[in-house]
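Enquirer: There's a structure below that I have some questions on.
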Amino acid sequence: MTDRPDPYYELAEHWPDVKIRIRADLGNEAGQTLWLPDGSIEIHLALDLSKVERRCTLLHEIVHLRRGRPDTQRDPVDEAATIKQTARWLIADLCEFAAALVAYDVAEVARRFDVIPAIVYERLDHLTKSEMEHLIADLTTHAA
Ligand SMILES: [Zn+2]
Numbered sequence: 005m006t007d008r009p010d011p012y013y014e015l016a017e018h019w020p021d022v023k024i025r026i027r028a029d030l031g032n033e034a035g036q037t038l039w040l041p042d043g044s045i046e047i048h049l050a051l052d053l054s055k056v057e058r059r060c061t062l063l064h065e066i067v068h069l070r071r072g073r074p075d076t077q078r079d080p081v082d083e084a085a086t087i088k089q090t091a092r093w094l095i096a097d098l099c100e101f102a103a104a105l106v107a108y109d110v111a112e113v114a115r116r117f118d119v120i121p122a123i124v125y126e127r128l129d130h131l132t133k134s135e136m137e138h139l140i141a142d143l144t145t146h147a148a
């Protein structure tokens with residue numbers, strides 16, 4: 005088992021000035037990163053997230069931080085790239101991923117990677133050609 009990214013470590017180590025605010029009024033959004041006019045940055049998190057949802061949301065927002073301020077707030081291209089990069093970061097070990105996909109349902113695969121099931125689907129949706137070949141080779145080996 006490889007190391008899982010820890011959002012609290014990432015924030016403390018690389019983004020100590022970013023403020024985290026917990027909000028009850030984010031509607032359908034789990035979180036958002038705000039680049040404020042004074043140069044400060046805040047991550048807003050929905051109050052009602054589970055532990056694993058909060059972890060995934062924070063890591064998604066950290067990918068936004070790494071990518072830097074987008075040209076426009078809620079840029080759909082930036083959001084799509086962030087989703088893709090987050091899934092790749094959270095499910096980094098393809099061999100482990102393949103072994104889990106053979107053995108378990110998606111909910112259990114997600115549990116083993118400490119992610120929400122959506123991340124499993126997002127990782128599968130954005131495999132590169134070589135990752136796809138790697139995964140198919142591994143799936144065939146594990147299933148044999
Ligand atoms: Zn986002």
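Residues 5 to 148, numbered by our numbering, are exactly what the sequence shown covers, in order.
Using N, Cα and C, we set each Cβ at its ideal position, and we do this for glycine too.
Here the structure is a predicted model, which means the values were calculated and not measured.
Going by DSSP in three states, residue 53 sits in which element: helix, strand or coil?
Expert: Note: residue 53 maps to coil in three-state DSSP.
Enquirer: Are residue 114 and residue 106 closer than 8 Å when you measure CB to CB?
Expert: Against a cut-off of 8 Å, the Cβ pair of residue 106 and residue 114 comes out as no contact.
Enquirer: For residue 95, count the other beta carbons within 10 Å of its own beta carbon; 16 or more makes it buried, fewer makes it exposed. Which is it?
Expert: That one is buried.
Enquirer: Do the segment 66 to 81 and the segment 98 to 112 touch if we need at least three Cβ pairs shorter than 8 Å?
Expert: Result no; under three Cβ-Cβ pairs closer than 8 Å.
Enquirer: Determine the DSSP secondary structure at residue 5, reduced to helix, strand or coil.
Expert: At residue 5 the pLDDT is 48, less than 50, meaning the model places this residue with poor confidence and gives no usable figure here.
Enquirer: Is it buried or exposed, residue 48, if we count other Cβ atoms within 10 angstroms and call 16 or more buried?
Expert: So residue 48 ends up on the buried side.
Enquirer: If contacts are defined as beta-carbon pairs under 8 Å, then residue 8 and residue 118 qualify, I think. What distance do you get, rounded to the angstrom?
Expert: Right, the Cβ-Cβ distance comes to about 5 Å (below 8 Å), so this counts as a contact.
Enquirer: Output the distance between the C-alpha atoms of residue 40 and residue 73, rounded to the nearest integer angstrom.
Expert: The straight-line gap from Cα to Cα measures roughly 10 Å.
Enquirer: Name the residue from 138, 46, 101 whose alpha carbon lies nearest to the alpha carbon of residue 20.
Expert: For the residues 138, 46, 101, the minimum Cα distance to residue 20 belongs to 46.
Enquirer: By a C-beta neighbour count over all protein chains shown, 10 Å radius and 16 as the cutoff for buried, is residue 5 buried or exposed?
Expert: Only weak support exists for where residue 5 lies, its pLDDT of 48 falling under 50; the value from the coordinates is given anyway. By the neighbour-count rule (16 or more Cβ atoms within 10 Å), residue 5 is not buried but exposed.
Enquirer: I need the boundaries of the beta strand (DSSP E) containing residue 76, first residue and last residue.
Expert: Taken as a continuous stretch (DSSP letters only), residue 76 belongs to no beta strand (DSSP E), as it is neither H nor E.
Enquirer: To the nearest angstrom, how far is it from the Cα of residue 63 to the Cα of residue 14?
Expert: Taking the straight line joining both Cα atoms gives about 9 Å.
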